[in-house]
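**Q** All residue numbers for the sequence shown refer to our numbering, where the first residue is 39 and numbers rise by one. Pasting a structure below so you can have a look.
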Amino acid sequence: MDVILYCSLQTSTLVDPKRQGVYSPFHPLSVKLLMSDPVQHYIINPLSEYFDDFTHFSKVFYFITPNMISFFHLFLAVVSAKFVSSDSLRTRRLGVVIYQIRSWLDSLDGVVFRSQHNEKNTYVSHHESWGYLVDAMCDITGGVLVSFGVLFYLFKQPTSFFSKYKDDSSASLPLTKSENGFVSSEKHSSKPSKKMLFWKCWCWGFQIFWRLVLGIKGWSSTSLQTTALHSTSTWVIFYIWRYIDGQALIQIYLIAIFVDKVWVSTRIQMN
């Protein structure tokens, strides 16, 4: 799928007319769509778009606003977080399914917004709108809640649970209690980690690139942006981001929960 996406990116220009008709994950392309994780791009987005095309949900239920959908998928995130913190594997798997439904609704609220504003097949964020802030806060809160659900699940596990995954060095818990009863972590340092510095620089660079691509003013700027869009370095940055952004990491966590490998996944991402 990514090979087809790469070929579509190389043949696209910033002056192509909007394509009408059935939704395609390859046409038209936007920075927002290219920065989506593969699960969102190839599965969740098409399902929500096809659902609206076949049922005309946004037209039939015109009174349902995108914000209403956002608040509902936030509620599902609360339910999912409760389920993934359970000791029962079956319940945790149900929590994963609920969160994927939440992700589908998160895509659907964008479909409804674009349909109600006559912006079909246009993937551009409206940063100045109230709905964008509501959706962003619901997304962030939902991701944080399910992460805390995983954390609470790990906190409830006995020491023997973590002993199964010991390597040559002694396995350590996210938080451990010392003999005097105080809670401590593995390392204490006020200096920001290299990972934190990397993420800050990475996100800052993407903000600059976002404005470069969206701010089209005149033919010369369009030509420059098209050249940048077709460069190999641009594709490499997009490709890396698609697999290590927050949504992609949550999808990895959901897979780990479903196959009962939460602590293994956590240790890999912490190292």
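The C-beta atom is built at its ideal place from N, Cα and C for all residues, glycine as well.
On the three-state DSSP scale, how would you describe SER3?
**A** Here the chain comprises residues numbered 39 to 309, so residue 3 is not present and cannot be evaluated.
**Q** Would the stretch 124-135 and the stretch 76-83 be scored as touching if the rule is three or more Cβ pairs under 8 Å?
**A** no
**Q** Measure the C-alpha to C-alpha separation of MET39 and TYR291 and round it to an integer number of angstroms.
**A** 22 Å
**Q** State the DSSP-derived secondary structure class of SER118, mapped to helix, strand or coil.
**A** Helix at SER118.
**Q** Do you know offhand how far GLU87's Cα is from GLY169's?
**A** 19 Å
**Q** Less than 8 Å between the C-beta atoms of ILE81 and PHE64, yes or no?
**A** no
**Q** Are VAL150 and SER185 touching if we call contact CB-CB under 8 Å?
**A** no
**Q** For ILE295 and VAL188, which I take to be in contact (beta-carbon distance under 8 Å), what is that distance rounded to the nearest angstrom?
**A** 7 Å
**Q** If I'm right that ASP90 touches VAL60 with Cβ under 8 Å, what's the distance once you round it to whole angstroms?
**A** Their Cβ separation, rounded to whole angstroms, is 11 Å, which puts ASP90 and VAL60 out of contact at 8 Å.
**Q** Work out the CA separation of ASP283 and ALA266 for me, nearest whole Å.
**A** 22 Å
**Q** Just verifying my parser: in three-state terms, what is the DSSP assignment at SER153?
**A** helix
**Q** Nearest-angstrom Cα distance between ILE107 and GLU166?
**A** Taken atom to atom, the span from the alpha-carbon of ILE107 to that of GLU166 is near 19 Å.
**Q** Can you tell which of PHE99, GLN138 and ASP173 has the C-alpha that lies nearest to the C-alpha of ALA286?
**A** GLN138
**Q** On the three-state DSSP scale, how would you describe SER167?
**A** coil
**Q** Quick check on DSSP: helix, strand or coil for SER303?
**A** helix
**Q** Taking 8 Å as the CB-CB cut-off, is ILE139 touching chain C?
**A** Absent from the structure is chain C; it holds one protein chain and no more.
**Q** Within its chain, find whatever has a CB closer than 7 Å to the CB of LEU85; leave out the 5 residues flanking it on each side and keep chain order.
**A** TRP142
**Q** Does the Cβ-Cβ distance between ILE102 and PHE121 come in under 8 Å?
**A** no
**Q** Taking only three categories from DSSP, how would you classify PRO84?
**A** helix
**Q** Return the CA-CA distance between TYR44 and THR160, expressed in angstroms with no decimal places.
**A** 19 Å
**Q** In the DSSP assignment, find the alpha helix (DSSP H) that holds LYS158 and state where it starts and stops.
**A** That residue, LYS158, is in no alpha helix (DSSP H); it is neither H nor E in DSSP.
**Q** For TRP301 and LEU171, I'd like the C-alpha separation in whole angstroms.
**A** If you draw a straight line from the Cα of TRP301 to the Cα of LEU171, it is about 33 Å long.
**Q** Name the two residues that bound the continuous alpha helix (DSSP H) containing TYR291.
**A** 284-296
**Q** Locate the alpha helix (DSSP H) running through VAL162, then write down its first and last residues.
**A** Premise fails: VAL162 is in no alpha helix (DSSP H) and is neither H nor E.
**Q** Look at the Cβ atom of SER50, then the Cβ atom of LEU71, and state whether they are nearer than 8 Å.
**A** no
**Q** Please name the residue or residues paired with SER123 in a DSSP beta bridge.
**A** Looking at the DSSP assignment, SER123 forms no beta bridge with any residue, so it has no partner.
**Q** Note down the Cα distance separating ARG305 from HIS94, rounded to an integer number of angstroms.
**A** In this model, ARG305 and HIS94 are separated by some 45 Å (Cα to Cα).
**Q** The alpha helix (DSSP H) with PHE99 in it runs from where to where?
**A** Here PHE99 belongs to no alpha helix (DSSP H), and DSSP marks it neither H nor E.
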